[in-house]
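Residue numbers (my numbering): 3 to 326.
The C-beta atom is built at its ideal place from N, Cα and C for all residues, glycine as well.
Since the structure is predicted, the reported quantities are computational estimates derived from the model, not experimental observations.
See below for the structure under consideration.
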């Protein structure tokens with residue numbers, strides 16, 4: 003009799019635990035604030051977009067979202083913190099293709115996280131194209147002109163970038179890979195000094211995020227010869243794509259919303275649905291336009307697929323270079 007009573011009490015306790023867990027998951031989010039980790043410095047474009055997205059997602063969920071900048075190692079420190087957080091929907095964060103798809107092929111030491119297995123992809127945040135700029139005095143007007151010059155003088159045409167391993171740097175590497183040409187890489191500590199040297203005639207071209215070049219292009223100090231993505235940029239619809247001259251070229255930067263691995267599907271679906279609405283709001287679109295960014299509506303599966311595609315592309319290009 004006592005044994006049966008103990009069994010029933012144990013069963014009742016187990017059911018109570020399961021019921022509590024189910025209720026907690028079903029009522030997400032509760033009054034507890036959600037933490038949104040941004041692995042890049044405060045005040046930068048990524049931080050600005052992330053904070054706006056966090057504010058609007060919080061309004062949609064009826065929940066407070068607190069943004070925390072956890073910086074270091076080109077984003078790896080903050081992303082590592084995210085990967086080690088509980089997968090309960092109360093810690094989410096921004097990551098970028100530079101971390102999720104490129105860093106695994108560039109890091110000399112093993113990363114403390116697996117960019118696929120350690121995370122739950124949640125939604126797209128924004129993406130941006132790179133614009134290939136030349137100086138007015140260069141005489142070049144198109145990607146075809148640039149390629150012709152590179153082939154006529156192998157290794158003599160130089161491209162400035164915002165630093166080794168950055169999207170700006172990868173834009174030049176991808177162009178060399180797709181065209182079979184050789185460029186001399188000149189890395190800088192940021193996009194601004196690279197563009198300054200471009201205007202001064204010290205390098206031949208620079209691929210820069212559109213937002214960083216808009217003012218210089220409109221003032222006539224730079225000539226945009228092509229955009230790096232798969233569709234023409236709304237700010238410069240007259241500027242052709244690199245792929246119109248070089249088939250298969252497609253290079254954009256992107257930011258996605260991630261959580262730790264193992265997040266409940268119901269929470270993943272809710273965040274994805276609300277983020278899609280956020281990206282269609284006028285306030286969000288206006289902020290993106292000022293930064294040269296574009297909305298990037300992706301659900302969990304689509305974000306995972308894009309990351310896998312980019313991982314494979316950069317593995318094929320960067321791994322052989324690392325061995326040389």
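Work out the CA separation of residue j and residue i for me, nearest whole Å.
i           : j           : result
residue 67  : residue 32  : 12 Å
residue 292 : residue 322 : 38 Å
residue 251 : residue 177 : 7 Å
residue 314 : residue 107 : 10 Å
residue 281 : residue 157 : 43 Å
residue 170 : residue 162 : 8 Å
residue 122 : residue 166 : 28 Å
residue 268 : residue 302 : 12 Å
residue 35  : residue 233 : 38 Å
residue 95  : residue 101 : 13 Å
residue 283 : residue 58  : 9 Å
residue 222 : residue 209 : 17 Å
residue 220 : residue 153 : 30 Å
residue 160 : residue 305 : 34 Å
residue 264 : residue 236 : 38 Å
residue 316 : residue 253 : 11 Å
residue 224 : residue 257 : 27 Å
residue 181 : residue 63  : 48 Å
residue 47  : residue 201 : 24 Å
residue 260 : residue 168 : 21 Å
residue 175 : residue 249 : 15 Å
With distance defined between alpha-carbon atoms, name the residue in the options nearest to residue i.
i           : options           : result
residue 127 : 218, 225, 54, 74  : 54
residue 125 : 238, 318, 271     : 271
residue 137 : 131, 130, 148     : 148
residue 367 : 61, 317, 319, 133 : With the chain represented from 3 up to 326, any question about residue 367 goes unanswered, as that position is not in the structure.
residue 247 : 38, 80, 143       : 143
residue 98  : 190, 130, 87, 110 : 130
residue 214 : 311, 294, 316     : 294
residue 45  : 69, 65, 60, 228   : 69
residue 206 : 256, 300, 141     : 141
residue 297 : 255, 191, 249     : 255
residue 266 : 91, 151, 244      : 91
residue 203 : 139, 310, 63, 175 : 139
residue 243 : 135, 276, 56, 65  : 135
residue 310 : 118, 240, 47      : 118
residue 241 : 47, 145, 260      : 145
Could you pull out every residue in the same chain whose Cβ sits closer than 7 Å to the Cβ of residue i, ignoring the five residues on either side in sequence?
i           : result
residue 49  : 40, 42, 43, 71
residue 73  : 41, 42, 43, 79, 80
residue 83  : 39, 72
residue 113 : 78, 105, 106
residue 276 : 59, 62, 63
residue 183 : 149, 152, 153
residue 37  : 68, 70, 92, 93
residue 65  : 31, 36
Within 10 angstroms of its Cβ, does residue i collect 16 or more other Cβ (buried), or is it exposed?
i           : result
residue 76  : buried
residue 155 : exposed
residue 29  : exposed
residue 5   : Because residue 5 carries a pLDDT of 44, less than 50, the predicted location of this residue cannot be relied on, and no value is offered for it.
residue 407 : Nothing can be reported for residue 407: it is not among the residues displayed for the chain, which extend from 3 to 326.
residue 287 : exposed
residue 116 : exposed
residue 173 : buried
residue 308 : buried
residue 109 : exposed
residue 111 : exposed
residue 56  : buried
residue 12  : Interpretation of residue 12 is limited by its pLDDT of 44, a score under 50 that renders its predicted location unreliable; no figure is taken from the coordinates.
Going by beta carbon distance, what residues of the same chain come within less than 6 Å of residue i, once the five residues before and after it are set aside?
i           : result
residue 51  : 128
residue 312 : 99, 103
residue 193 : 164, 210, 214
residue 289 : 54
residue 188 : 160, 162, 205
Below 8 Å CB to CB, which residues in the same chain sit around residue i once its five sequence neighbours on both sides are set aside?
i           : result
residue 179 : 319
residue 238 : 133, 212, 219, 226, 229
residue 262 : 84, 85, 86, 87, 88, 89, 93, 120, 121, 122
residue 190 : 162, 163, 164, 165, 196, 199
residue 278 : 125, 299, 301
residue 186 : 157, 158, 159, 160, 161
residue 245 : 232, 251, 252
residue 216 : 237, 294
residue 285 : 54, 58
Mind checking if residue i is an interface residue toward chain D, Cβ cutoff 8 Å exclusive?
i           : result
residue 107 : Protein chain content of the structure displayed is limited to a single chain, and chain D is not contained in it.
What residue ranges within the segment 167-247 form continuous beta strand (DSSP E) runs of no fewer than 3 residues, ordered along the chain? 186-189, 207-211, 225-229
Length at least 3, wholly inside the segment 51-111: the beta strand (DSSP E) runs in chain order: 67-71, 93-98
Whole alpha helix (DSSP H) runs in the segment 237-298 with 4 or more residues, listed along the chain? 267-280, 284-293
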